[in-house]
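Participant: In terms of this note's numbering, the sequence shown is residues 38 to 176. The beta carbon of each residue, even a glycine, is placed where N, CA and C say it ideally should be. Keep in mind that this is a model prediction, so the values were computed, not measured.
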Amino acid sequence: MTGRPWPRWWSGSATAGAPPPSTRPAAAATHARAALGQGAYERAYGRGGAFGLADLVAYALDEQAQPPSGQAESRTAPVRLTRRETEVAELVAEGLGNQQIADRLVIARRTAEGHLERVLGKLGFSNRSQIAAWVTARR
Numbered sequence: 038m039t040g041r042p043w044p045r046w047w048s049g050s051a052t053a054g055a056p057p058p059s060t061r062p063a064a065a066a067t068h069a070r071a072a073l074g075q076g077a078y079e080r081a082y083g084r085g086g087a088f089g090l091a092d093l094v095a096y097a098l099d100e101q102a103q104p105p106s107g108q109a110e111s112r113t114a115p116v117r118l119t120r121r122e123t124e125v126a127e128l129v130a131e132g133l134g135n136q137q138i139a140d141r142l143v144i145a146r147r148t149a150e151g152h153l154e155r156v157l158g159k160l161g162f163s164n165r166s167q168i169a170a171w172v173t174a175r176r
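1) For E79, tell me which candidate among L160, E150, G89 and A66 has the shortest Cα-Cα distance.
2) Rounded to whole angstroms, what is the Cα-Cα separation between A174 and V156?
3) Excluding the 5 residues preceding and the 5 following E127 in the sequence, name in chain order all residues of the same chain whose CB lies nearer than 7 Å to its CB.
4) When you compare only the Cα positions, how much space is there between T119 and S166?
5) Taking the C-alpha atoms as reference points, what is the distance between T123 and K159?
6) Is DSSP giving R176 helix, strand or coil here?
7) By a C-beta neighbour count over all protein chains shown, 10 Å radius and 16 as the cutoff for buried, is G74 buried or exposed?
8) Note down, in chain order, each residue of its chain lying with its Cβ closer than 8 Å to the Cβ of S163, except the 5 sequence neighbours on either side.
9) Going by beta carbon distance, what residues of the same chain come within less than 7 Å of A71, once the five residues before and after it are set aside?
10) Got a sec? Which residues, its chain only, sit under 7 Å from R117 by beta carbon, not counting five neighbours each side?
11) How should V125 be labelled, buried or exposed, when 16 other C-beta atoms within 10 angstroms of its C-beta is the threshold for buried?
12) Report the three-state DSSP secondary structure of E124 (helix, strand or coil).
13) Within 10 angstroms of the Cβ of H152, are there 16 or more other Cβ atoms? Answer buried if so, exposed if not.
14) Which residues in the same chain as A69 place their Cβ atom closer than 6 Å to its Cβ, once the five residues preceding and following it in sequence are excluded?
Next up, the structure:
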């Protein structure tokens with residue numbers, strides 16, 4: 038392991054000095070050790086800890102040629118959003134809620150929610166912050 042209390046990417050963030058947010062890191066580490074074995078876990082942890090924030094975002098968005106393990110990863114065709122889905126994604130990245138998106142686009146709230154659900158599904162994401170990171174990385 039790197040010997041640092043948290044990964045390098047966190048050190049350069051706006052909240053440097055505070056530990057990175059995590060939900061159950063001990064449980065995740067225990068599960069990973071059990072699945073990989075101690076040696077493989079430590080090697081993977083070391084590679085991951087060396088990533089910068091931009092590297093982490095690119096990896097999370099599947100935008101780099103190789104994952105941290107160094108093994109080739111199969112690539113799929115790029116995701117194609119409709120013009121309206123792209124508009125919704127950009128408004129999500131601005132921090133707007135569903136009603137605000139609906140008001141801005143002059144559509145019903147449920148229609149905005151439907152567009153958002155399709156964006157999440159097409160991108161394989163589970164929350165709005167992932168959409169915001171995706172939009173930001175593509176700018």
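Facilitator: A quick look at the data gives this:
1) For the residues L160, E150, G89 and A66, the minimum Cα distance to E79 belongs to A66.
2) Our two residues, A174 and V156, have alpha carbons roughly 16 Å apart in a direct line.
3) For E127, where only same-chain residues beyond five positions count, the Cβ hits under 7 Å are V172.
4) When rounded, the distance between both Cα atoms is 20 Å.
5) Rounded to the nearest angstrom, the two C-alpha atoms are 11 Å apart.
6) Residue state, collapsed to three classes: coil.
7) Burial call: exposed.
8) Once the five neighbours on either side are set aside, the close Cβ partners of S163 are L157.
9) Closer than 7 Å at Cβ, skipping near neighbours: no residue.
10) Correct list: empty, nothing qualifies.
11) Taking all protein chains shown into account, V125 has 16 or more neighbouring C-beta atoms within 10 Å of its C-beta and is therefore buried.
12) Helix at E124.
13) Answer is buried; the Cβ neighbour count reaches 16.
14) For A69, where only same-chain residues beyond five positions count, the Cβ hits under 6 Å are Y78.
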